[in-house]
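Asker: Have a look at this one before I ask anything.
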Amino acid sequence: MNIQINRETLLKPLTSVTSIVEKRHTLPILSNLLLEAKQGKIYLTATDLEMQISLSVDSAATGDFSTTISAKKLLDICRSLPDNAEINMATNDSRITLKAGKSRFNLQTLPAADYPEITKTQTVGTLVTIGQGLLKSLLKQVEFAMAQQDIRYYLNGLLFEVIANRLNVVGTDGHRLSFTSAELKQNYEKQEIILPRKTVLELVKLLDDSEDDVQIELANNQVNFSFGNIKLISKVIDGKFPDYNRVIPTGHQNTFSIERLGVLLAMQRASILSNEKYRGIRMVLSNNNLKLISTNSDQEEAEEELEINYNGAGLDIGFNVTYLIDVLNNTNSEQVNFSFADANSSCLITVPNNNDYKYVVMPMRI
Numbered sequence: 491m492n493i494q495i496n497r498e499t500l501l502k503p504l505t506s507v508t509s510i511v512e513k514r515h516t517l518p519i520l521s522n523l524l525l526e527a528k529q530g531k532i533y534l535t536a537t538d539l540e541m542q543i544s545l546s547v548d549s550a551a552t553g554d555f556s557t558t559i560s561a562k563k564l565l566d567i568c569r570s571l572p573d574n575a576e577i578n579m580a581t582n583d584s585r586i587t588l589k590a591g592k593s594r595f596n597l598q599t600l601p602a603a604d605y606p607e608i609t610k611t612q613t614v615g616t617l618v619t620i621g622q623g624l625l626k627s628l629l630k631q632v633e634f635a636m637a638q639q640d641i642r643y644y645l646n647g648l649l650f651e652v653i654a655n656r657l658n659v660v661g662t663d664g665h666r667l668s669f670t671s672a673e674l675k676q677n678y679e680k681q682e683i684i685l686p687r688k689t690v691l692e693l694v695k696l697l698d699d700s701e702d703d704v705q706i707e708l709a710n711n712q713v714n715f716s717f718g719n720i721k722l723i724s725k726v727i728d729g730k731f732p733d734y735n736r737v738i739p740t741g742h743q744n745t746f747s748i749e750r751l752g753v754l755l756a757m758q759r760a761s762i763l764s765n766e767k768y769r770g771i772r773m774v775l776s777n778n779n780l781k782l783i784s785t786n787s788d789q790e791e792a793e794e795e796l797e798i799n800y801n802g803a804g805l806d807i808g809f810n811v812t813y814l815i816d817v818l819n820n821t822n823s824e825q826v827n828f829s830f831a832d833a834n835s836s837c838l839i840t841v842p843n844n845n846d847y848k849y850v851v852m853p854m855r856i
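Okay, structure coming up:
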């Protein structure tokens with residue numbers, strides 16, 4: 491069996507599926523990807539047993555076949571070949587030979603029948619349609635608030651919540667919470683799943699900025715994404731996500747609006763002398779004035795002073811400056827609103843004239 495394909499046609503999908511392949515695994519076949527030729531197309535599939543990505547590309551293939559091949563070696567070979575090189579693949583028993591120009595590579599394979607594909611659930615779930623660019627934007631707005639390897643496993647991902655004609659996406663690590671929402675094309679019954687962190691990060695890489703549709707099928711133990719020539723199947727986190735509505739405050743009276751880039755740069759400068767471990771910064775509010783103050787164990791101090799339109803109560807509150815910088819870096823608005831209840835309250839950051847995005851950071855003692 492033979493496959494003829496251009497390097498550029500193969501390289502991008504190969505890079506996409508290979509990104510989820512673990513470098514070290516107890517099952518050797520999981521270092522491979524499943525390579526299938528059917529009806530003039532090549533299908534590439536990779537899995538880590540929690541998530542599976544499949545892509546299809548057009549090729550000149552003679553006959554149908556399937557095998558598994560080292561994902562890393564195939565990717566390294568494709569990357570090393572000249573631009574627009576024509577690649578010929580031929581299988582022979584437990585080997586596959588790749589030829590391009592005067593280059594020739596003979597690789598070992600493992601049987602396709604042994605490849606542990608994730609089977610799509612037979613349970614019919616809620617089928618949601620949303621634009622690729624919009625979904626990518628939602629994920630990027632909240633992904634930074636996800637926990638990393640937290641023992642509270644339900645925090646190591648994002649909440650996907652469908653309510654009526656809204657898709658809400660929420661991330662939290664217990665110290666901060668990020669919420670964003672978008673309108674859907676129709677009404678749905680309420681359903682929610684927790685999408686694992688790795689799946690979120692892969693989706694952000696795979697999605698483009700177009701208005702082309704993504705089909706999302708939400709089932710109790712699985713979520714499926716279909717867009718373009720890509721199909722992604724992922725297990726979901728079995729757990730109860732925190733009630734974000736209890737975390738997002740309402741009615742904060744002490745509020746000011748400020749230019750996003752200006753306060754971001756000021757926080758970045760002030761953070762230079764913050765404690766390297768705790769990253770604390772004080773936000774000191776007085777009449778039309780905001781001071782950002784940081785100190786460290788060497789008794790060094792940085793202070794930034796900004797003019798603001800503020801007539802609320804005088805406040806002195808400590809926060810982890812990294813959390814504040816993260817939200818300012820991931821917001822496109824020129825202006826942002828900061829809101830506080832009192833000197834012990836959380837900080838609510840919103841965007842003017844937009845109720846679809848809310849960010850909460852808890853205070854810290856400095």
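First residue of the sequence shown? That's 491 in our numbering, and the numbers climb one at a time after it.
All C-beta atoms in this analysis are idealised placements derived from N, C-alpha and C, irrespective of residue type, glycine included.
(1) Quick check: what's the CA-CA separation for Gln542 versus Lys610?
(2) In the DSSP assignment, the beta strand (DSSP E) including Ile815 goes from what residue to what residue?
(3) Which residues mark the beginning and the end of the alpha helix (DSSP H) in which Glu692 is found?
(4) Should Gln705 go down as buried or exposed, given a rule of 16 or more other Cβ atoms within 10 Å for buried?
(5) Return the bridge partner residues of Asp703 from the DSSP annotation.
(6) Quick test of the definition: if touching needs 3 or more C-beta pairs under 8 angstroms, does the stretch 661-668 touch the stretch 696-715?
(7) Cα separation between Ser570 and Ala635?
(8) Leaving out five residues before and five after His742 in sequence, what residues of the same chain have Cβ atoms less than 8 angstroms from its Cβ?
(9) Quick one: residues in its chain with C-beta nearer than 8 angstroms to the C-beta of Glu512, no 5 flanking neighbours on either side, listed in chain order?
(10) By how many angstroms is the C-alpha of Asn786 removed from the C-alpha of Leu818?
(11) Please tell me whether, using a cut-off of 6 angstroms, the distance from the CB of Leu814 to the nearest non-hydrogen atom of the ligand ADP is below it.
(12) In terms of residues, what are the limits of the alpha helix (DSSP H) holding Leu565?
(13) Find the nearest neighbour of Ser506 within the set Val547, Arg594 and Asn582, judged by alpha-carbon distance.
(14) Using 8 angstroms as the threshold, is the stretch 645-657 in touch with the stretch 727-735, meaning 3 or more CB pairs across them?
(15) Quick check on this structure: which residue in Val660, Ile653 and Phe595 has the alpha carbon closest to the alpha carbon of Ser627?
(16) Looking only at its own chain, which residues have a Cβ that is under 6 angstroms from the Cβ of Ile620, when we skip the five neighbours before and after it?
(17) Taking Cβ positions, are Asn658 and Asn677 nearer each other than 7 angstroms?
(18) Please report how far the alpha carbon of Asn778 lies from the alpha carbon of Phe746, in whole angstroms.
(19) How big is the Cα-Cα spacing for Ser823 and Met852?
(20) Is Gly615 near Glu707, with beta carbons less than 7 angstroms apart?
(21) In chain order, what residues of the same chain have a beta carbon less than 7 angstroms from the beta carbon of Leu504, not counting five sequence neighbours either side?
(22) Quick test of your reading: Ala602 and Ser549, contact by CB under 8 angstroms. State the CB separation rounded to the nearest angstrom.
Answerer: Taking the definition as stated:
(1) Residue mapping note: residue 542 aligns to position 52 of the sequence shown, counting from 1. Residue mapping note: residue 610 aligns to position 120 of the sequence shown, counting from 1. Cα to Cα, Gln542 sits roughly 10 angstroms from Lys610.
(2) Taking the sequence shown and counting its residues from 1, the one referred to as residue 815 is at position 325. Element bounds for Ile815: not the beta strand (DSSP E) but the alpha helix (DSSP H), Val811 to Asn819.
(3) For this step, residue 692 is matched to residue 202 along the sequence shown. Residues Arg687 to Leu696.
(4) One-based indexing of the sequence shown puts residue 705 at position 215. It counts as exposed.
(5) If you number the sequence shown from 1, residue 703 lands on position 213. Paired residues: Gly621.
(6) Flag = no, the stretch 661-668 and the stretch 696-715 do not touch.
(7) Start at 1 with the first residue of the sequence shown, and residue 570 comes out as number 80. Start at 1 with the first residue of the sequence shown, and residue 635 comes out as number 145. Distance between the alpha carbons of Ser570 and Ala635: 37 angstroms.
(8) Stepping through the sequence shown from its first residue, residue 742 is reached at position 252. Scanning its chain for C-beta atoms nearer than 8 angstroms, with the 5 sequence neighbours on each side dropped, one finds around His742 the residues Ser829, Phe830, Ala831, Ser835 and Leu838, in chain order.
(9) The residue you call residue 512 lines up with position 22 of the sequence shown. So the qualifying residues of the chain are Leu520, Ser521 and Asp538.
(10) As a working note, residue 818 is residue 328 in the sequence shown. As a working note, residue 786 is residue 296 in the sequence shown. Cα atoms of Leu818 and Asn786: separation of roughly 23 angstroms, rounded to the nearest angstrom.
(11) Of ligands this structure carries none, so the ligand ADP is not represented either.
(12) Looking up residue 565 in the sequence shown gives position 75. Start and end: Ala561 to Ser570.
(13) Here the question's residue 506 lines up with position 16 in the sequence shown. Selected option, being the one with the closest Cα: Val547.
(14) The stretch 645-657 is in contact with the stretch 727-735.
(15) Residue 627 sits at position 137 when you count from the first residue of the sequence shown. Considering only alpha carbons, the answer is Val660.
(16) Residue numbering aside, residue 620 sits at position 130 when the sequence shown is read from its first letter. Non-local C-beta neighbours of Ile620 in its own chain, meaning closer than 6 angstroms and more than five positions away in sequence, comprise Val704, ordered along the chain.
(17) Locating residue 658 in the sequence shown gives position 168, where the first residue counts as 1. Locating residue 677 in the sequence shown gives position 187, where the first residue counts as 1. Against a cut-off of 7 angstroms, the Cβ pair of Asn677 and Asn658 comes out as no contact.
(18) Against the sequence shown, residue 778 aligns to sequence position 288. Against the sequence shown, residue 746 aligns to sequence position 256. Pairing Asn778 with Phe746, the inter-Cα distance amounts to about 9 angstroms.
(19) On the sequence shown, residue 823 is found 333 positions in, with the first residue counted as 1. On the sequence shown, residue 852 is found 362 positions in, with the first residue counted as 1. Ser823 and Met852 have their alpha carbons spaced roughly 22 angstroms apart.
(20) The residue labelled residue 615 in the question sits at position 125 within the sequence shown. The residue labelled residue 707 in the question sits at position 217 within the sequence shown. Yes.
(21) As a working note, residue 504 is residue 14 in the sequence shown. Only Leu534, Leu564, Leu565 and Cys568 meet the Cβ criterion.
(22) Mapped onto the sequence shown, residue 602 falls at position 112. Mapped onto the sequence shown, residue 549 falls at position 59. 17 angstroms between Cβ atoms; not a contact.
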